[in-house]
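Visitor:
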Amino acid sequence: MGSTTQMSNSSFPTEFLLLPFADTRQLQLLHFGLFLGIYLAALLGNGLILTAIACDHRLHTPMNFFLLNLALIDLGTITTTVPKAMANCLWDTRTIP
2 MGSTTQMSNS
12 SFPTEFLLLP
22 FADTRQLQLL
32 HFGLFLGIYL
42 AALLGNGLIL
52 TAIACDHRLH
62 TPMNFFLLNL
72 ALIDLGTITT
82 TVPKAMANCL
92 WDTRTIP
């Protein structure tokens with residue numbers, strides 16, 4: 002009969018469009034600084050929780066093991082989302098892959 006062609010699904014999105022928090026550059030820089038402060042505070046707080054539980058043997062209880070897991074999950078989620086949001090704000094880009 003002839004060669005068959007495969008159709009690809011073209012409705013799969015390759016990038017998402019973000020709406021900006023602010024249109025002026027000063028507010029974008031304020032947004033960047035605010036998110037940077039929150040990010041660094043979260044890194045410091047979760048790092049202190051991880052260090053305290055790992056170093057003190059009296060804290061090796063089930064409740065503290067749960068807190069250790071929550072701190073690790075929080076570090077993972079905040080590290081994947083917040084730096085990208087800060088970079089988008091700083092470089093004035095509105096798409097994410």
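Under our numbering, the first residue of the sequence shown is numbered 2, with each subsequent residue one higher. Built from N, CA and C at the ideal position, the CB exists for glycine as well. The structure displayed is predicted, hence computed values, not measured ones.
#1: I need the boundaries of the alpha helix (DSSP H) containing ARG26, first residue and last residue.
#2: Starting from PRO14 and walking both ways along the alpha helix (DSSP H), at which residues does that stretch end?
#3: By DSSP's criteria, THR96 is part of a beta bridge. Which residues make up the other side?
#4: How should ALA55 be labelled, buried or exposed, when 16 other C-beta atoms within 10 angstroms of its C-beta is the threshold for buried?
#5: Give me the Cα-Cα distance between LEU20 and ARG59, rounded to the nearest whole angstrom.
#6: Determine the contact status of MET87 and PHE22, defining contact as a CB-CB distance below 7 Å.
#7: Check whether the Cβ atoms of LEU51 and ALA72 lie closer than 7 Å to each other.
#8: If we ignore side chains and look at the alpha-carbon of each, how far apart do ASP24 and THR62 end up?
Guide: Based on what the coordinates show:
#1: That run of the alpha helix (DSSP H) goes 26–56.
#2: Premise fails: PRO14 is in no alpha helix (DSSP H) and is neither H nor E.
#3: Under the DSSP definition of a beta bridge, THR96 partners with LEU18.
#4: Counting every other CB atom within 10 Å of its CB across the protein chains shown gives ALA55 a total below 16, marking it as exposed.
#5: Near 48 Å, if we compare the C-alpha coordinates of ARG59 and LEU20.
#6: Here MET87 is not near PHE22, since their CB atoms are 7 Å or more apart.
#7: Against a cut-off of 7 Å, the Cβ pair of ALA72 and LEU51 comes out as a contact.
#8: Going by the C-alpha atoms only, they are around 49 Å apart.
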